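This report refers to the structure that appears directly beneath it.
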Amino acid sequence: PPFTEGLCFGKALVLRFLSSLKCSLVEYSTASAGKCEDSGAAATAHTMPNPVTSHRIEERVKSIRLKQKEISNAADIINGFIDPFISHLKECPERPYFKGVTKVTTGSYYELVKIFHPNEFDVMLALPVPNIGYTDVEDCDGLFYKVTLQRKSRSFPTPFLLEDESTVSPVNVLKEFRKFVSQFIASHYKGKQVPLTLLVSRKKDRNSPAATVELLDEKNSEIMSIDLVPALEILAPWPKSCKLGEDVKKWLGKKSKPRNKSFYLVAKQPPGKDDKEVWRISFSHIEKEIMMDHGNTKTCCEFYDTKCCRKDCIRLMKSLFEDLKKDYPRQLSHLCSYYAKTSFFHTLTQWNEDSNWKPHDIACCFIRVLDDFIRHVKNANLPHFFIPDCNLFHSLLRKDLKFLLELLEEQKKKDFF
DNA sequence: GACACGAGTGAGGAA
DNA sequence: TTCCTCACTCGTGT
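Residue numbers for the first sequence follow our numbering, so the first one is 3 and each next one is one higher.
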């Protein structure tokens, strides 16, 4: 998505991020600090933060982790909604076409990298769709697709099709799904005394592929939300433009082999295009697998002495992003955590050895992850992790990128290096 | 073969 | 380091 305003990664912001660690900022200094160096092929020297800053980063990591008690409460509430919802979805006689859905949990909570509070949940409801064909939309770098039935089928739900009886319509699927969610909430909670109010959100992003269910307390304040995303599950091979590079396969090969080779299409349209009947590709399931099985060796994170700090690094990045967005909500409205995640995956691919991510090196590793993100901004190029030719920064305005680059370089000079 | 259920296991927070 | 809880996988029964 395009940035409509210049980004402001000012010194004050990062100061606030660091000062929230309850310590004063101590400048990074190449004179007083050593260098983080990698023993592997990806070796690039990164300036290492001094011990005080390292300590602050370690404390920050501890403070942003989810609390067990909150997780228990949230799991109670969320599963108390999701499980009956999915059962109802599968059994609803009026909408038999939802019978085959499977639950695919995605997003930061289920990737175990959610920070601060367990208040946002993402669940994809995958509809298997055999015998469909897809063609990519021009000028969208392999991110968006049109979906059609390969042959007419009486079993395929007609409410999901356009008048041509062949085009699978994201607008219709989402409309039907949202209607279903609203009806479920109305019927399931009718007459029951529940401490929370549930409603299908109307406030959020109009182009969201989800039916967002908000859970409100007695004062009508939102305490958590669930994004329910209907998705087409395509069992066919991935589109030509999508792939996992050889370096990724080598790195993940020892720990994990993505088991679910299918891919998903969700009802999200490209920004600035008139055609609404377009699907966006999603690899959330693979992203989750990478996040969970991130190690180069099979034993990574399985024992106390094989722990790594990869997940803590993305948690720190997310907390930095959240702090920035809190201070500049309008200017940073288009800055999304997916950029951090994508850049992080590229860093993991380059620094693939578990020895690069020792827990006591957390500060150094975080700087490395942040540095890599800055480099992507500098080059105005952040390739989608699964679609190498798709630049996620493509739609950003040049002047905004230039402005951002200047700020980041100033940032590096003043605070980090 | 599809589905539901439950035991076993891993991840991560708490003490 | 151990214990506990949640989420997930996989085997078993229907």
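Backbone N, C-alpha and C define an ideal beta-carbon position, used for all residues, glycine too. Bear in mind that the values here come from a model prediction, so they are computed numbers and not experimental data.
- As summarised for the region 312-379, the continuous alpha helix (DSSP H) elements at least 4 residues long and confined to that stretch are 312-329, 339-352, given in chain order.
- DSSP places D124 in no alpha helix (DSSP H) but in the uninterrupted beta strand (DSSP E) bounded by 122-130.
- Rounded to the nearest whole angstrom, the C-alpha separation of I225 and L217 is 6 Å.
- In this structure, the alpha-carbon of N298 lies about 29 Å from that of E324.
- By the Cβ-count criterion, V54 is exposed, with fewer than 16 other Cβ atoms from all chains shown falling within 10 Å of its own Cβ.
- For the beta strand (DSSP E) assignment, the uninterrupted runs of no fewer than 3 residues enclosed by the region 206-280 are, from N- to C-terminal side, 213-218, 224-236, 265-268.
- The alpha carbon of F179 has as its nearest neighbour, out of P211, S189, T169, the alpha carbon of P211.
- Cβ contact annotation for D219 (same chain, cutoff 6 Å, sequence separation greater than five): I225, in chain order.
- In this structure, the alpha-carbon of P272 lies about 42 Å from that of T308.
- Setting aside the 5 residues that flank it on each side, F118 is surrounded in the same chain by I66, each with a C-beta closer than 7 Å to its C-beta; the list follows chain order.
- By the beta-carbon neighbour count (other beta carbons within 10 angstroms, threshold 16), F305 is exposed.
- Around M293, the same chain offers E113 as residues with beta carbons nearer than 6 Å, after the five sequence neighbours per side are excluded.
- Where I80 is concerned, the enclosing alpha helix (DSSP H) starts and stops at 70-93.
- Collapsing the DSSP output to three states places V202 in a strand.
- Spatial neighbours of L198 in its own chain (CB-CB distance under 6 Å, excluding positions within 5 residues in sequence) are listed in chain order as L217.
- Between H362 and V371, the alpha-carbon positions lie close to 15 Å from each other.
- Proximity to V231 across Y99, V183, R400 peaks at V183, based on C-alpha coordinates.
- Approximately 13 Å separates the beta-carbon atoms of L318 and L326; this is outside 8 Å, ruling out the contact.
- In the same chain as G109, and ignoring 5 residues on each side of it, the C-beta atoms closer than 6 Å to its own belong to D124, in chain order.
- The alpha carbon of C142 has as its nearest neighbour, out of K192, R282, E96, the alpha carbon of R282.
- Straight through space, the alpha carbons of D356 and K154 are spaced by roughly 51 Å.
- Taking S203 as the centre and dropping the five residues before and after it, the same chain places the C-beta of T214, E216 closer than 6 Å to its C-beta, in chain order.
- Listed as beta-bridge partners of V170 by DSSP are L163.
- For I59, the enclosing alpha helix (DSSP H) covers residues 53-66.
- Take the alpha-carbon of D373 and the one of C310: they are about 19 Å apart.
- By the 16-neighbour rule on beta-carbons within 10 angstroms, S56 is buried.
- No residue range can be given for Y191, since it is assigned to no beta strand (DSSP E) and is classified by DSSP as neither H nor E.
- Short of 7 Å from the beta carbon of T344, and not among the five residues preceding or following it, lie these beta carbons of its own chain, in chain order: L384, H386, F387, L394.
- Rounded to whole angstroms, the gap between the alpha carbons of D229 and S89 is 17 Å.
- In this structure, F285 keeps its C-beta atom at 9 Å or more from the C-beta atom of C315.
- Just so you know, the alpha carbons of E235 and P98 end up roughly 17 Å apart.
- It is roughly 38 Å from the alpha-carbon of W359 to the alpha-carbon of Y147.
- Per the coordinates, the alpha-carbon of F158 lies some 49 Å from the alpha-carbon of F368.
- Using a 10 angstroms sphere on the CB of G144, the tally of other CB atoms reaches 16 or more, which defines it as buried.
- P130 is the residue among V115, E96, N121, P130 whose C-alpha sits nearest the C-alpha of V103.
- In the same chain as I73, and ignoring 5 residues on each side of it, the C-beta atoms closer than 7 Å to its own belong to P120, in chain order.
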